[in-house]
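Take 1019 as the starting number for the sequence shown in this note's numbering and just add one per residue.
All residues carry an ideal CB built from backbone N, CA and C; glycine is no exception.
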Amino acid sequence: MKASAATKIFFIILTLVILISGYPETVSARLHDSMPDRTDNRIHGKEFSSANFDLIKLREGVYACIHKSGGTAICNSGIVDNGESTIIFDTFLSPDAAEELLEAVRYLKLSPVKYVINSHYHNDHVRGNQSFSPEVKIISTKRTAELIEQEEPKAIAAEKTYAKSQYNYFDSLKKAFKGDTSLREYQEFKMMKPYFEELSKSHEKIKTRLPDITFVNEISLNGTAKKVSLIEKGKGHSESDMIMYLPDDGILFSGDLVFNKNHPYLGDGYPHDWEIKLDEMESLDIKIVVPGHGDPGGKEIISTMKNYIESIESIVAELKNEGKGLEDIKKVQMPERYKDWWLTNYFYSNLRFVFNTN
1019 MKASAATKIF
1029 FIILTLVILI
1039 SGYPETVSAR
1049 LHDSMPDRTD
1059 NRIHGKEFSS
1069 ANFDLIKLRE
1079 GVYACIHKSG
1089 GTAICNSGIV
1099 DNGESTIIFD
1109 TFLSPDAAEE
1119 LLEAVRYLKL
1129 SPVKYVINSH
1139 YHNDHVRGNQ
1149 SFSPEVKIIS
1159 TKRTAELIEQ
1169 EEPKAIAAEK
1179 TYAKSQYNYF
1189 DSLKKAFKGD
1199 TSLREYQEFK
1209 MMKPYFEELS
1219 KSHEKIKTRL
1229 PDITFVNEIS
1239 LNGTAKKVSL
1249 IEKGKGHSES
1259 DMIMYLPDDG
1269 ILFSGDLVFN
1279 KNHPYLGDGY
1289 PHDWEIKLDE
1299 MESLDIKIVV
1309 PGHGDPGGKE
1319 IISTMKNYIE
1329 SIESIVAELK
1339 NEGKGLEDIK
1349 KVQMPERYKD
1359 WWLTNYFYSN
1369 LRFVFNTN
């Protein structure tokens, strides 16, 4: 059973509420411990700095753009120079943050940006589209383009009344913490504020730009220096997900099919199909995975993602076998291995979603 249109709008808003969780500065934009050749490759320079993302060099001509705590990127992005043109993978929530992607390309002296990729239709991955000139072609799967056209107007209309009130509400909640900023709950609360602030102030300038090029199955954007494959994965985190794979470099940009050290959002997805897609991705020759949210990691973060979904399904199956209902979900103890993950609210919303749809 899938959610109604109104419920899906709510889920989209709720998703991005919590995806603001950009990570505390102590861990932000550091490469995952198990990632091969782990170094701190953040790029700093007088000519380029961003409050929205950290720019990390993965290989020559390949960069991860990792959302910064307090910024308005919200999701992660990628920059790849294939030797002839530069490709941007996902464009952030904020057009201002997307413009900084262009600044990064100029700072790095890369080839001109020719293509922008939308991994799926959620607003934190597509609202920066408008920052790119008409000469830059936006690419998505055929279904993702349809979903952007169908869902973005609904989401924007809902946010116009929702975002401002939530921003003010979260602002007032600060008093409840009584100055104790060390609490994990406070840290997650603080991370939500920039999301609502951006939504409440950006509606006047948001202009939904649809993809120019759509495809099914797979297309290549190869150049003289890099082989780049865009692969449609179909249903998973959303109704249509896409990955970008650099086979010679062993680098995968996964979009939201992979979250790292964050509870993923299942509420707009297809958990069983998602697991299958993760198995398919794991069969690729991969050294580095850039997730949709969280720090870059090694191939193992794909299997960790699959294990999480299986854990949610297993907990729900056990509840149902014991004759328990939705009201019992709040009594479930979070498995120890997930207690240090961010986006903690998702654990229980994921249980409710799977309970209702299985």
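Bridge partners - residue i, DSSP secondary structure assignment
{"i": "residue 1247", "result": "1238, 1263"}
{"i": "residue 1348", "result": "BP columns for residue 1348 are empty, so no partner."}
{"i": "residue 1085", "result": "1071"}
{"i": "residue 1372", "result": "None, per the DSSP bridge assignment."}
{"i": "residue 1252", "result": "1259"}
{"i": "residue 1107", "result": "1096, 1135"}
{"i": "residue 1060", "result": "1074"}
8 Å Cβ cutoff met for residue i and residue j
{"i": "residue 1076", "j": "residue 1061", "result": "no"}
{"i": "residue 1220", "j": "residue 1140", "result": "no"}
{"i": "residue 1261", "j": "residue 1277", "result": "no"}
{"i": "residue 1310", "j": "residue 1274", "result": "yes"}
{"i": "residue 1091", "j": "residue 1110", "result": "yes"}
{"i": "residue 977", "j": "residue 1293", "result": "The structure shown does not extend to residue 977, since the chain is modelled only from 1019 to 1376, so the question has no answer here."}
{"i": "residue 1089", "j": "residue 1070", "result": "yes"}
{"i": "residue 1152", "j": "residue 1223", "result": "no"}
{"i": "residue 1105", "j": "residue 1246", "result": "yes"}
{"i": "residue 1296", "j": "residue 1320", "result": "yes"}
{"i": "residue 1131", "j": "residue 1154", "result": "yes"}
{"i": "residue 1227", "j": "residue 1148", "result": "yes"}
{"i": "residue 1326", "j": "residue 1347", "result": "no"}
{"i": "residue 1082", "j": "residue 1308", "result": "yes"}
{"i": "residue 1285", "j": "residue 1100", "result": "no"}
{"i": "residue 1244", "j": "residue 1288", "result": "no"}
{"i": "residue 1136", "j": "residue 1144", "result": "yes"}
{"i": "residue 1301", "j": "residue 1165", "result": "no"}
{"i": "residue 1353", "j": "residue 1303", "result": "no"}
{"i": "residue 1330", "j": "residue 1372", "result": "yes"}
Boundaries (first-last residue) of the alpha helix (DSSP H) holding residue i
{"i": "residue 1116", "result": "1113-1126"}
Limits of the beta strand (DSSP E) - the one that residue i falls within
{"i": "residue 1074", "result": "1071-1077"}
{"i": "residue 1232", "result": "1231-1233"}
{"i": "residue 1090", "result": "Where residue 1090 is concerned, there is no enclosing beta strand (DSSP E), given that its DSSP letter is neither H nor E."}
{"i": "residue 1066", "result": "Looking at the DSSP string, residue 1066 is not in any beta strand (DSSP E), and its letter there is neither H nor E."}
{"i": "residue 1287", "result": "Premise fails: residue 1287 is in no beta strand (DSSP E) and is neither H nor E."}
{"i": "residue 1270", "result": "1269-1277"}
{"i": "residue 1096", "result": "1095-1099"}
Burial state of residue i, where buried means 16 or more other Cβ atoms lie within 10 Å
{"i": "residue 1290", "result": "exposed"}
{"i": "residue 1162", "result": "buried"}
{"i": "residue 1341", "result": "exposed"}
{"i": "residue 1369", "result": "buried"}
{"i": "residue 1146", "result": "buried"}
{"i": "residue 1238", "result": "exposed"}
{"i": "residue 1335", "result": "exposed"}
{"i": "residue 1332", "result": "exposed"}
{"i": "residue 1344", "result": "exposed"}
{"i": "residue 1203", "result": "exposed"}
{"i": "residue 1094", "result": "buried"}
{"i": "residue 1116", "result": "buried"}
{"i": "residue 1339", "result": "exposed"}
{"i": "residue 1175", "result": "exposed"}
{"i": "residue 1133", "result": "buried"}
C-beta neighbour in chain D for residue i, strict 8 Å
{"i": "residue 1105", "result": "Among the chains in the structure shown there is no chain D, since it carries only a single protein chain."}
Length-filtered (4 minimum) alpha helix (DSSP H) runs lying within the stretch 1137-1165: none
Secondary structure, beta strand (DSSP E): runs of 3+ residues fully inside the stretch 1295-1364: 1306-1311
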